[in-house]
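>
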Amino acid sequence: MPLATQAKDGILTIAITDERLVEPEHLTRLFGELDALLSKSTEDRVILDFSHVKFMASSALGKLVQVNKKMAEYRAKLKLSGVSKEIMEVFKITKLHKVLDIAADEAAARKAFQKTGLFR
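This note's numbering numbers the first residue of the sequence shown as 4 and each following residue consecutively.
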């Protein structure tokens, strides 16, 4: 399984354990597993940890946007963490850094989830 999960303090962390997200069949399986995990989860705050990912095909971007949109439809919050400089550059070129909520690492994502108030 290319995903490792941990639920703690009402936050589900899903680590993508693969270094390369490239092959269409692999992406379909990975995002299918991700969808199944999210469908079963009771947590409404999710961190998607990219710290193992070194390369990502452009086709994965669309799937990531779909996950983000589905999370928003269910009023759940998604944060990405551990995004490499190279992948962050792709997010910036495609303007996805404005759409996706990206934290430097899991600790920063958890801290951001702990904020309270109207505009957290």
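Think of the CB as a built atom: it goes at the ideal place given N, C-alpha and C, for glycine as much as any other residue.
How about V49: is its C-beta nearer than 9 Å to some C-beta of chain C?
Here there is only one protein chain, and chain C is not present.
> Counting Cβ pairs, one atom from each stretch, are 3 or more of them under 8 Å apart for the region 48-59 and the region 80-91?
They touch, by the three-pair rule.
> Pop quiz: D52 and T16 are said to be a contact at Cβ under 8 Å. What is the actual Cβ separation, rounded to whole angstroms?
In the sequence shown, the residue the question calls residue 52 occupies position 49. In the sequence shown, the residue the question calls residue 16 occupies position 13. Confirmed, Cβ separation roughly 6 Å.
> Verify whether the separation of the beta carbon atoms of F34 and Q69 is less than 9 Å.
One-based indexing of the sequence shown puts residue 34 at position 31. One-based indexing of the sequence shown puts residue 69 at position 66. The answer is yes: Cβ separation under 9 Å.
> I want to know whether the region 72-82 touches the region 20-34 - three or more CB-CB distances under 8 Å.
Short answer: they don't touch.
> In chain order, which beta strand (DSSP E) runs of at least 3 residues are fully inside the region 6-76?
Fully enclosed beta strand (DSSP E) runs of 3 or longer: 6-11, 14-19 and 48-52.
> As a quick exercise: from E22, M91 and K43, pick the residue whose alpha carbon is nearest that of L103.
Here residue 103 is taken as the residue at index 100 of the sequence shown, counted from 1. Among E22, M91 and K43, the Cα nearest to that of L103 belongs to M91.
> Write down the C-beta distance between A14 and R113 rounded to the nearest angstrom, noting that I regard them as a contact closer than 8 Å.
Here residue 14 refers to the residue found at position 11 of the sequence shown. Here residue 113 refers to the residue found at position 110 of the sequence shown. The question names Ala, yet the displayed sequence has Ile at residue 14. Right, their Cβ atoms sit about 6 Å apart.
> Put L99 into one of helix, strand or coil per three-state DSSP.
As a first step, residue 99 is located in the sequence shown; it is residue number 96 there, counting from the start. Helix, per DSSP.
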